[in-house]
Structures are given as structure tokens and as C-alpha cells.
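Numbering (our numbering) for the sequence shown: 1 to 505. These notes concern the structure reproduced below.
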Amino acid sequence: MFTDWPLLSLVIWLPIIGGVFTLLTGDKSPAATRRIALFTAVLTFLLSLPLYFQFDPGTAAMQFQELAPWIATFNIHYHLGVDGISMPLVILTTFTTILVVIAGWEVIDYRLSQYMAAFLIMEGMMVGTFAALDSILFYFFFEGMLIPMYLIIGIWGGPRRVYATIKFFIYTFLGSVFMLVALIYMYFQGGSFAILDLHALPLGLTEQILIFFAFLIAFAVKVPMWPVHTWLPDAHVEAPTGGSVILAAIMLKIGGYGFLRFSLPVTPDASAALDWLIIAMSLIAIVYIGMVALAQRDMKKLVAYSSISHMGFATLGMFAVFAILDNPANDGTGAVLALEGAMVQMVSHGFISGALFLVIGVLYDRMHTREISAYGGVANTMPWFATLAVVFAMANAGLPGTSGFVGEFMVILASFKANFWIAFTAALTLIIGAAYTLWMIKRVIFGAIANEQVAGLSDLNAREAINLGVLAVLVIGLGVWPNPLLEVMHATLDNLVAHVATGKI
């Protein structure tokens, strides 16, 4: 029914138009602003659902494609489409935006229309990034999303928001300049900016290595990978709750998506030659950054470092593919498993990290501090909140039966087919992740009531309960039954493995 609709254009431009309309309404009627923003976010999510329910999981081809000329002189097109890699991330984006609008419903009372507009416009930009099939269109959305996030942190952020926004913008903007140079070079080699044409472009190993590093700089900053991760904790700490949720749940995934859409298929031989570098960087993120999380006193900073560690699993799964294919001791069957684990990890991390930042936001709204030492015994005054917080903590620690376990387990299992020590090192996160997460929960949630402020806390209101309750269902649902996600991505990832296995030279 919906296959003839321009669904992707609707999902991209509806929130952008809704954001502009919200901005024009001003702050004279905050209630109307909230309703318009929520209506736009919900309608966008509903329009994105046919992308899943009418998706054909049996093909690796791009679906729901839209094509129109844009800048004809340079053969640049407005070309959209989704496959098993991008479609789940589009829906994750539209879903998360609803949570962000609800989370800011009563908390934001300063420039409310601008706040809601920034998130809606950013939603359209992020969806456009996942759906773009022209590399210049991708770059347009990839850079465009930085502006709303810059404003969100800079206007509604904490005391050091100016420092955090400048650092965030410089890191992410400068990183993507190298990608633009690589795209222009490939255009002059092949005469096309179409991403699928770039996949087929014949490139020598030296060319591939240079392009690989251009992509690595752009996408590693976005993930972010060690050692270009330092902007993220600062951005998280200073961002309002909604900004932290979008940063962790969606924006970090754009870096992982870039590796899957560009680095692996465009430069397969360079990726195979340099897989050791990305695997090493990923393992350092998993272990070292996990240890750094143990030392944090600020809850937001702890979860921010946790995000870097968990995203290390995604990048590990993506590049362990080459080590698996090169290992003569196995038949390469673990390669698809590694990529599926990476994708599940990204989606799962979107749910879990978003939930944890919402949990921290609930406490901050009541006590205006994120210091772990300010809390203790919260379960005595907020039992429903404590229950949900423990669920998300268990998921973050990789408890079986939660989504946090599935992706990590798949990547570790696949890594055994590459190298025992890679898998062993990655598996250390099961200990480290449990240590920093459960230690935080113990100090914040359990024990005797620490002070009068904690004694006076009120439990979740309806708005907060809906947000956290829906996420809890998704975290447990994906942990118990991941097949609905796995089945839509299998054909695409199987095709990607076949592509990188043959290489270009």
C-alpha cells in the first residue's frame, strides 16, 4: 500500500517542516508548541513504520528508492533508499525523537519553541543521512545535523556549554572535511557521486588506503573511537537530557553506519589490510575506556564513557570480518555473524544508552546534581524508578535476556573465529561493564537514604513512566527475541560480506 508513497522524503522533510513551523509559533503558547512538536514526532514515526512492515528481507537491493536530479552539472542527485543496514536506524531515529520531546515536556521552559524545533530539524537531518544514496546528499545531511546539536548544547547546556559545543563542532566538522576530499577524488575517477557507484569503482590499493584513512577520520570521530573520543564526555555532561539521548542513541550510530556504507564496500582491500588497526582501537575502547568509566564521579560522564566502550563492540564486529575471512582454520561463516552482532549492538545501545540518560535526567530534574555521592537509598523513595533503573543497568552490563547481551555475545562468538585473544579481550567487558554499572547503581539506588533531599524524592510521574517503560519493554523484547531485527538485515549483510571477500584488486 505504501510502497508508491515517497515515504523517505516524508520522514525526512515532515519533521524539518514541523520544526520550522514550531519555531515560528514562538513561545506565546507553550502548550501549543509542545502539542505541535509531539504530533510531528509521532506522525513521523508512524510514517516510518511501513519501511519495516513492507520491507522485503529476501533481497539486498535498496528499497523505497526515490530519484530526482539535484545539481545536474556535477551529476548529483536527490537519491534516497534503504536496505537492511539503514532501515532499522531510520526507525530508531524516529522513535527516539518522540522520547526526547516527551522528556522535555515540563523540564524545558526557556525558549521552548526553539528547543523543540532543533530536535525536529535534527531528526530530519539524521534520517536523511541514513537514507541518502548520493554521497553529496549524505554529506549535506551529515554536516547539517551538527548545527541543531550545536545549538542544543550551546543554549540549553550546562556551565561549560560553550567549551563543549566548540570542541564538539571542531572535532566533528574537521573530521568530515577529509571525507569530502575523498568523495571529490572518487568523483573525478568515476564521474559519479552515487554511493552504489562508488562501491563498484575500481581503485588501487594505495588509493584505497588513502580513502580509507579519510573515511576513518570522519567516522571514528562520530562513533567516537579511541583516541578521538574526548569530545563526547564533555558534550554529554553539558548537554540537556534530550541532547544526551540523541547523541548516544543516534548520532554515535552514524559513525558506525558510515563504516558499513562507505569504508567496507568502497575500500575493501584497504579495510582488510588495516583491520588490525581498527580491531586494536576497538579493543582499547572496550577495555581501557571501560576502566576509565570506573573512575567517574558524575553519572553522565560514566555513561558517556560506557557508550564509547560499548560502541567499540560495533566497530570490532565490523572489522573482525576480515580476520575471520583470512583465518584458514574456519570457513568464514562467522563474518556475517560479526556484522549482525555489530548492527544489533548499535540498535541495542540506542535503547539502553538513551534509557540511562533519561534515568539520570529524572534524578537531575529533582535534585539538580549528577554527582554519585549526592545519592543513596533512592529505591526507598522511588521504587518504580529504581526497578526500571536496575533493568537498564543490567542491560548495560550485558545480562542475558536483555538486548545488551545479544549484540556483545554475537560479536564475541564471531571473534573466536578470527582469533582467540581478540575474543578474550573483548569478553573482559562482561566484567568491566558489570563493575562500573553495578557500582553506580549500588551507590545511587540501594542502601540507606543518604540525606534529606533523597528522602523527599517523588517517584515517576506518568510522562517519565511511559518513556522508561516503553524502553524497558524494547530492551527485554530485543534480548529475548532478536529475530525481527536480524531477519531484515541478514540479506544485506550477507551481500556485504560477499562484496568485501572478493575485493577490488
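All residues carry an ideal CB built from backbone N, CA and C; glycine is no exception. Note that the structure is predicted; figures quoted are calculated from it, not measured.
Q: Could you tell me the distance, in whole angstroms, from the CA atom of TYR364 to the CA atom of LEU474?
A: Straight across, the Cα-Cα distance linking TYR364 with LEU474 is about 24 Å.
(Q) Per DSSP, what are the beta-bridge partners of ALA194 in this structure? (A) The secondary-structure analysis by DSSP pairs ALA194 across a beta bridge with ASP134.
Q: State the beta-bridge partners of ALA68 as determined by DSSP.
A: Answer is TYR78, bridged to ALA68.
Q: Could you tell me whether the Cβ of ILE284 comes closer than 8 Å to any Cβ of chain C?
A: Of the protein chains in this structure there is only one, and it is not chain C.
Q.
For ASP56, count the other beta carbons within 10 Å of its own beta carbon; 16 or more makes it buried, fewer makes it exposed. Which is it?
A. By the 10 Å Cβ count, ASP56 comes out exposed.
Q: Name the residue from ALA220, SER135, THR267 and ILE250 whose alpha carbon lies nearest to the alpha carbon of ALA355.
A: Comparing Cα-Cα distances from ALA355 to each of ALA220, SER135, THR267 and ILE250, the minimum goes to ILE250.
(Q) The alpha helix (DSSP H) that contains ALA423, what's its start and end? (A) According to the DSSP assignment, ALA423 belongs to the alpha helix (DSSP H) that extends over 420 to 427.
Q: Give the DSSP-derived three-state secondary structure of ASP494 in the structure shown.
A: It is helical.
Q.
Quick check on this structure: which residue in TRP439, GLY350 and ALA214 has the alpha carbon closest to the alpha carbon of GLY407?
A. Nearest option by C-alpha distance: GLY350.
Q: Would you kindly work out how many angstroms separate the C-alpha atoms of GLY18 and ASP27, rounded to a whole number?
A: Between the C-alpha atoms of GLY18 and ASP27 there is a straight-line separation of about 15 Å.
Q: Just the C-alpha distance for SER348 and THR129, rounded to the nearest angstrom, thanks.
A: When rounded, the distance between both Cα atoms is 20 Å.
Q: For SER176, count neighbouring C-beta atoms within 10 Å of its own C-beta (all shown protein chains included) and say buried if the count is 16 or more, exposed if not.
A: Label assigned to SER176: buried.
Q | For GLN189: DSSP bridge partner residues | A | According to the DSSP secondary-structure assignment, GLN189 is paired through a beta bridge with no residue.
Q. Taking ILE85 as the reference, which of LEU198, ALA335 and VAL344 has the closest Cα?
A. That would be VAL344, whose Cα lies nearest to the Cα of ILE85.
Q: Compare the C-alpha of ASN396 against each of LEU413, GLY376, THR369 and THR437 and name the closest.
A: When C-alpha distances from ASN396 are compared across LEU413, GLY376, THR369 and THR437, the shortest belongs to THR437.
Q. Can you list, in chain order, the residues of its chain whose CB lies under 7 Å from that of ALA239, leaving out five sequence neighbours each side?
A. Around ALA239: ILE152, ILE153, GLY157 and LEU247.
Q. How big is the Cα-Cα spacing for SER48 and LEU8?
A. One C-alpha to the other measures close to 8 Å.
Q: Use the C-beta contact count for ASP109: other C-beta atoms within 10 angstroms, 16 or more gives buried, fewer gives exposed.
A: Exposed is the call here.
Q. When burial is assigned at 16 or more other CB atoms within 10 Å of the CB, is LYS222 buried or exposed?
A. Under the 10 Å beta carbon count, LYS222 is surrounded by 16 or more other beta carbons and is classified as buried.
Q) Helix, strand or coil: how does DSSP classify GLU371 here? A) In the structure shown, GLU371 sits in a strand (DSSP, three-state: E or B).
(Q) Given a cut-off of 8 Å on the beta-carbon distance, is the pair THR267 and ILE211 in contact? (A) Yes, these two residues count as a Cβ contact at 8 Å.
Q) What is the rounded straight-line gap between the Cα of TYR139 and the Cα of LEU180? A) Rounded to the nearest whole angstrom, the C-alpha separation of TYR139 and LEU180 is 7 Å.
Q: Return the CA-CA distance between GLY290 and LYS167, expressed in angstroms with no decimal places.
A: For GLY290 and LYS167, the distance between alpha carbons rounds to 22 Å.
Q. From the DSSP output, which residues share a beta bridge with ASP298?
A. In the DSSP assignment, ASP298 is bridged to GLU371.
Q: To the nearest angstrom, report how far apart TRP13 and GLY124 are at their CA atoms.
A: Straight across, the Cα-Cα distance linking TRP13 with GLY124 is about 6 Å.
Q | Bridge partners - GLN63, DSSP secondary structure assignment | A | In DSSP, GLN63 forms a bridge with VAL82.
Q) What's the gap between the Cα of HIS310 and the Cα of LEU23? A) About 36 Å.
(Q) Here's the rule I'm using: 16 or more other beta-carbon atoms within 10 Å means buried, otherwise exposed. How should ASN451 be labelled? (A) Answer is exposed; the Cβ neighbour count stays below 16.
Q. Anyone know if the C-beta pair for PHE259 and ALA214 falls short of 8 Å?
A. Cβ distance not < 8 Å, so PHE259 and ALA214 don't count as in contact.
Q | Inter-residue spacing [alpha-carbon to alpha-carbon] between ALA342 and GLY401 | A | Those two C-alpha atoms are separated by around 18 Å.
Q: Evaluate the contact criterion for the segment 378 to 394 versus the segment 459 to 467: three or more CB pairs, one atom per stretch, below 8 Å.
A: Output reads yes: the segment 459 to 467 touches the segment 378 to 394.
Q.
Which residue wins for smallest C-alpha separation from MET440, given the options MET149, TYR375 and ILE286?
A. Among MET149, TYR375 and ILE286, the Cα nearest to that of MET440 is on TYR375.
Q: Please state if the CB of TRP226 and the CB of ALA285 are separated by a distance shorter than 8 Å.
A: Yes, Cβ-Cβ distance for ALA285 and TRP226 is below 8 Å.
Q.
On the DSSP letters alone, give me the boundaries of the alpha helix (DSSP H) that ARG111 sits inside.
A. For ARG111, no alpha helix (DSSP H) encloses it, and the DSSP letter there is neither H nor E.
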